[in-house]
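K.L.:
In this text, residue positions in the sequence shown follow the UniProt record's numbering: the first is 1, and each later residue adds one. C-beta atoms are modelled at their ideal positions from N, C-alpha and C, and glycine is treated no differently.
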Amino acid sequence: MTAFELIVDKPVNLEITGKFVAPSAEWIHLSRILQDYELIVMTEGVLYLAGDNKQFTVSKGEYLLLPPLTKQYGYKSSECSFYWLHFHSTSGIQVTDLSSRTYDKEDNRILLPQYGTLRSLEKIIVMMKQLQDSVRGYNQTTLNNYMTTVILCELYNQTCDTDADPLKKTKQEQLYNDIVDYIKWSRSEHIKVSQIAAYFGYNEKYLSHLFTVISGISLKQYILQQKMELAKFLLADTNQNVSEVSLQLGYKDCHNFMKSFKKIVGLTPTDFRNAYAKRLLFYE
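This is how it looks when you write it as structure tokens:
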């Protein structure tokens, strides 16, 4: 697998960023030679894009990173949408043998696989939306460069796996990861701890204690945090009103949703949406 090593003791240089929405199902990506790095994060549909004759199929929740001097072109039409950003880095190194690279979380280097699936699409999208708001609201180079670097570091943390060998994981850790996945795919429902315990066949108190020991927060609090991550994404990336967002998260009472959002995020849903309202949207 190809990956790119970046030194991040200094920020990368942001060139341009935005969100793209294909105008129709007949749209196909343009052909060009990249002059910088491009990061693409898919939010809807499928993107059919080639880089130096290697074809990529990038779906919702996945990303693609292409380096400078890549011959980039679409090889199939599709109706899709994605966030993107272009940046320069003088320290970038292409790596093809990942086994030869070991990294410490405290290191000033990050290793980004060229293509992969995000653990939290919503978190990355909210950060990219905040970057767009900064570009339009302040247009301060230093701020935008650091925000871009933070996005790349978040991408690194979402894609690196310090415990890649499943044999090294304990039974408890595997159960914890299964619970996390279950919550991720059930955020649109009214999830209860008792429901999760019944699904996995464990005592409710035992499961809550296990989750707290591994994650540092209670299972109930984690469920709420994950719901609010999805809420932030919907508020930042869609035009759904607060009531619609509330219903999509499994809340029957919109006021309970707004109260929970304010408790976790520190802002009301409307204030959060207005704080990052300056989206850079492209249709061609």
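Taking 7 Å as the limit between beta carbons, can you name the residues of its chain near E145, skipping five residues before and five after?
P.N.:
As a position in the sequence shown, residue 145 is number 145, starting the count at 1. The sequence given here has Asn at residue 145, not Glu. The residues are P11, V12, N13 and L14.
K.L.:
Go ahead and pull the three-state DSSP assignment for G201.
P.N.:
Walking along the sequence shown from the start, residue 201 turns up at place 201. Three-state DSSP puts G201 in coil, outside helix and strand.
K.L.:
Within 10 angstroms of the Cβ of I16, are there 16 or more other Cβ atoms? Answer buried if so, exposed if not.
P.N.:
For this step, residue 16 is matched to residue 16 along the sequence shown. Looking at its Cβ environment, which holds fewer than 16 other Cβ atoms inside 10 Å, I16 is exposed.
K.L.:
For a test of the three-state rule: what should DSSP assign to H209, helix, strand or coil?
P.N.:
On the sequence shown, position 209 is the one that residue 209 refers to. Of the three classes helix, strand and coil, the one that applies to H209 here is helix, per DSSP.
K.L.:
Which value, in whole angstroms, describes the spacing of the CA atoms of Q174 and G216?
P.N.:
One-based indexing of the sequence shown puts residue 174 at position 174. One-based indexing of the sequence shown puts residue 216 at position 216. Spanning the two alpha carbons is a distance of roughly 16 Å.
K.L.:
Could you round the C-beta distance between D237 and T43 to whole angstroms and report it? I think they count as a contact, below 8 Å.
P.N.:
The residue labelled residue 237 in the question sits at position 237 within the sequence shown. The residue labelled residue 43 in the question sits at position 43 within the sequence shown. Sure, about 6 Å apart at Cβ, within 8 Å.
K.L.:
For a test of the three-state rule: what should DSSP assign to V265, helix, strand or coil?
P.N.:
Start at 1 with the first residue of the sequence shown, and residue 265 comes out as number 265. Note: V265 maps to helix in three-state DSSP.
K.L.:
Taking 8 Å as the threshold (C-beta atoms), are I124 and I183 in contact?
P.N.:
Reading the sequence shown from its first residue, position 183 is the one you call residue 183. Reading the sequence shown from its first residue, position 124 is the one you call residue 124. In this structure, I124 does not lie closer than 8 Å to I183 by Cβ.
K.L.:
Within 8 Å, do at least three Cβ pairs link the region 150-161 to the region 257-266?
P.N.:
No, the region 257-266 does not touch the region 150-161.
K.L.:
Can you find the residues in the same chain that come closer than 7 Å, C-beta to C-beta, to C254, ignoring five residues on each side of it along the sequence?
P.N.:
Numbered from 1 along the sequence shown, position 254 holds the residue referred to as residue 254. Answer for C254: V242, S243 and S246, listed in chain order.
K.L.:
Can you list, in chain order, the residues of its chain with a C-beta nearer than 6 Å to that of I28? Leave out the 5 residues immediately preceding and following it.
P.N.:
Position 28 of the sequence shown, counted from the first residue, corresponds to residue 28. The residues are G74 and S77.
K.L.:
By alpha-carbon positions, which one of L34, K192 and M1 ends up nearest to Q94?
P.N.:
As a position in the sequence shown, residue 94 is number 94, starting the count at 1. Comparing Cα positions, the closest option is M1.
K.L.:
So, L34 versus Y63, is the Cβ gap smaller than 8 Å?
P.N.:
Taking the sequence shown and counting its residues from 1, the one referred to as residue 34 is at position 34. Taking the sequence shown and counting its residues from 1, the one referred to as residue 63 is at position 63. Their beta carbons are not under 8 Å apart, which means L34 does not touch Y63 by this criterion.
K.L.:
Compute the distance between the beta-carbons of I191 and F211, then report whether it is under 8 Å.
P.N.:
Here residue 191 refers to the residue found at position 191 of the sequence shown. Here residue 211 refers to the residue found at position 211 of the sequence shown. Cβ distance not < 8 Å, so I191 and F211 don't count as in contact.
K.L.:
Around the Cβ of K54, are there at least 16 other Cβ atoms within 10 angstroms (buried) or fewer (exposed)?
P.N.:
Working through the sequence shown from its first residue, we reach residue 54 at position 54. Answer is exposed; the Cβ neighbour count stays below 16.
K.L.:
Is K192 helix, strand or coil by DSSP?
P.N.:
In the sequence shown, the residue the question calls residue 192 occupies position 192. Coil at K192, not helix or strand.
K.L.:
Return the CA-CA distance between V46 and G116, expressed in angstroms with no decimal places.
P.N.:
Looking up residue 46 in the sequence shown gives position 46. Looking up residue 116 in the sequence shown gives position 116. Approximately 14 Å between the Cα atoms of the pair.
K.L.:
Quick one, are the C-beta atoms of T57 and P113 less than 8 Å apart?
P.N.:
Translated into positions along the sequence shown, residue 57 becomes position 57. Translated into positions along the sequence shown, residue 113 becomes position 113. No; because the gap between Cβ atoms is not below 8 Å, this pair is not in contact.
K.L.:
Run the CB neighbour count on S91, radius 10 Å, all protein chains shown included, and call it buried at 16 or more, exposed below.
P.N.:
Indexing the sequence shown from 1 puts residue 91 at position 91. Exposed, by the Cβ-count rule.
K.L.:
Among all the DSSP beta bridges, which residues are the ones paired with L112?
P.N.:
As a first step, residue 112 is located in the sequence shown; it is residue number 112 there, counting from the start. Bridge partners of L112: F4.
K.L.:
Are the CB atoms of residue 287 and F4 nearer to each other than 8 Å?
P.N.:
Nothing in the structure corresponds to residue 287, since the chain is present only between 1 and 284.
K.L.:
Using 8 Å for Cβ pairs, my map puts F233 next to V126. What's the rounded Cβ distance?
P.N.:
In the sequence shown, the residue the question calls residue 233 occupies position 233. In the sequence shown, the residue the question calls residue 126 occupies position 126. Right, the Cβ-Cβ distance comes to about 6 Å (below 8 Å), so this counts as a contact.
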